[in-house]
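End of the sequence shown = 501 in the numbering used here, gap-free, step of one. Here's the structure, in structure tokens; my notes come after.
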Amino acid sequence: MKIIRRSLLTQLVSSFSVLSLVTVSLVSYNAYVRARQALQESVFDRLSVAASLKEFELNQWFDAQRRDAVILAQSPVVVNAIADLAPNAASAEEQADVQAEITRYFETVLNIKPAIRDIDILTVGGIVILSTDPTQPGLYKPVSNNSTYFEPNQENVIPNIYISTLTQQPTITFATPILDENGDRQAFITITLNLDAINRLISERTGLGETGETYLVKELNNRNVFVSGDHYDIRTVEQGVESLGINQAMRRLDGQALYENYDGVPVIGVHNWLEQNNVALIAELSQKEAFAPAVMLAREIFVIGVGSAGILLVLIYWLARHIARPVIVITDAAAAIEAEEFDTKMLSPVIERPDELGRLARVFQGMAEQVYAREAKLKRQVAELKIEIDQARKERQVAEITE
């Protein structure tokens, strides 16, 4: 009977356990999928906003540097200096004084404008005549080489980013003509920019979490290389960088996707091609951080579900024992009948129940009583028949003796 008891309880409890685990798992997984989808859209929106802000700030920064170059080219100090430095315009001593004055002026500009690294003045033929770098005067540096040339009234200026042979760092050089009072070109002024400001602007992670990052990529020497942020390394220039986001952006395609970044880390990213700046802007956040709330939600639902199922499992076990006890009593009664040890008192706890099990016990008790009554009657009939047989045998024996 213990085997039956264990088997019945095991079936009820194990069935409920399996169903509970399946249900909790499905609910947790469904919650994770829905939360992940919601988070994905939210992160895409956040990255798109961050990329748009970076693009706006980048455009503002480039415009500010372009205006600085124009202001320098139109500065009376520079225009007058170019006139004084013209051949036969002044004595050698006066030209030396002019050079010293404009050098001091440029040094003041560099102190005020930290984004400008060097300032050069070139002849129309491309020879450096003045520079904040003392190694540059006399060198040939045509403005068409790597410089971003523009006219003073030109508004749509696309900067050209190149790797400086001196610093091995991404560099931008703006070049614009210096005009006299008649608007004739007298020389060129070039400003070489310090891109640390761009690095700080692009690398700022405000609103992007702990693993969020934005960076600029440009194709140089037939390779995609970083041109901003903390990622720049001379090795990236030699080897290049690849990812789905980078490759799509370099094809002039804007979009968003889930992919592995340049370092093999699964990320959720937004990639834009900045036509006005001739670079690709990528904003990314690791999938682990992006979808952490979804994982946490699913884990909490699963833990709460399993805990609730455990409590229900105890109640189910108690209920199963309560339901199984009458069945076990009836089963024990059937075994007692088989062993001729049946007692009507065995069914007393069940007979009083008003439900189907009580009715079954009452019917079973009536059946058992009928069986015992018939068995008793049969035994009496057998005993009476045995007496008659014995009496008939004795009478036959007496008759044989008399004969």
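Glycine included, each C-beta is placed from N, C-alpha and C at the ideal position.
Cβ neighbour criterion (16 or more within 10 Å) applied to residue i
i, result
"Asn243", "exposed"
"Lys386", "exposed"
"Pro268", "buried"
"Gly367", "buried"
"Leu476", "exposed"
"Ile485", "exposed"
"His369", "buried"
"Val222", "exposed"
"Met99", "The predicted position of Met99 is uncertain, since its pLDDT is 42 and thus under 50; no value can be drawn from it."
"Ala355", "exposed"
"Asp488", "exposed"
"Ala471", "exposed"
"Gln284", "buried"
"Leu237", "exposed"
"Lys492", "exposed"
"Thr290", "buried"
"Gly305", "exposed"
"Ile101", "Note on Ile101: pLDDT 42, under 50, position unreliable in the model; the coordinate value appears next. That one is exposed."
"Phe154", "exposed"
"Leu413", "exposed"
"Ala190", "exposed"
"Ser126", "buried"
"Asn297", "buried"
"Ala148", "buried"
"Thr265", "exposed"
"Gln156", "The residue asked about is misnamed: residue 156 is Leu in this sequence, not Gln. Per the 10 Å Cβ criterion, buried."
"Val141", "buried"
"Val116", "exposed"
"Val120", "exposed"
"Leu379", "buried"
Bridge-paired residues (DSSP) for residue i
i, result
"Lys316", "Val323"
"Gly405", "Note: Gly405 sits in no beta bridge, so no partner."
"Leu483", "Paired residue(s): none; Leu483 is not in a bridge."
"Tyr238", "Ile225"
"Gly353", "His369"
First and last residue of the uninterrupted beta strand (DSSP E) at residue i
i, result
"Ala273", "Pro268 to Leu277"
"Ile217", "Ile214 to Leu220"
"Glu382", "Val377 to Ser384"
"Ser229", "Val226 to Ser229"
"Ile259", "Ile259 to Ile261"
Residue i (DSSP reduced to helix, strand or coil)
i, result
"Val339", "coil"
"Glu358", "strand"
"Phe286", "strand"
"Pro205", "The residue you asked about is not Pro; residue 205 is Glu in the sequence shown. Residue state, collapsed to three classes: helix."
"Thr246", "strand"
"Leu291", "strand"
"Glu191", "helix"
"Glu311", "strand"
"Gly464", "helix"
"Ile256", "coil"
"Pro391", "helix"
"Thr265", "coil"
"Thr233", "coil"
"Asn280", "coil"
"Lys71", "Because the chain here runs from 99 to 501, residue 71 falls outside it and cannot be looked at."
"Leu306", "coil"
"Asn251", "coil"
"Val122", "helix"
"Ala490", "helix"
Residue span of the alpha helix (DSSP H) that contains residue i, given as start and end
i, result
"Leu372", "Element bounds for Leu372: not the alpha helix (DSSP H) but the beta strand (DSSP E), Pro364 to Leu372."
"Ile300", "Asp294 to Ser301"
"Ile180", "Pro174 to Asp182"
Whole-Å CB distance - residue i paired with residue j, under 8 angstroms assumed
i, j, result
"Ile502", "Leu170", "Within the shown structure, residues of the chain are numbered from 99 to 501, placing residue 502 beyond reach of any answer."
"Glu311", "Glu382", "6 angstroms"
"Asp218", "Leu228", "7 angstroms"
"Ile256", "Ile270", "Incorrect: roughly 11 angstroms between the Cβ atoms, too far for contact."
"Val393", "Tyr130", "7 angstroms"
"Pro250", "Thr274", "6 angstroms"
"Asp182", "Gln193", "7 angstroms"
"Ala396", "Ser118", "Not confirmed; about 16 angstroms, so no contact."
Residue i CB to nearest heavy atom of the ligand MN below 7 angstroms
i, result
"Gln385", "This structure lacks the ligand MN; in fact it carries no ligand of any kind."
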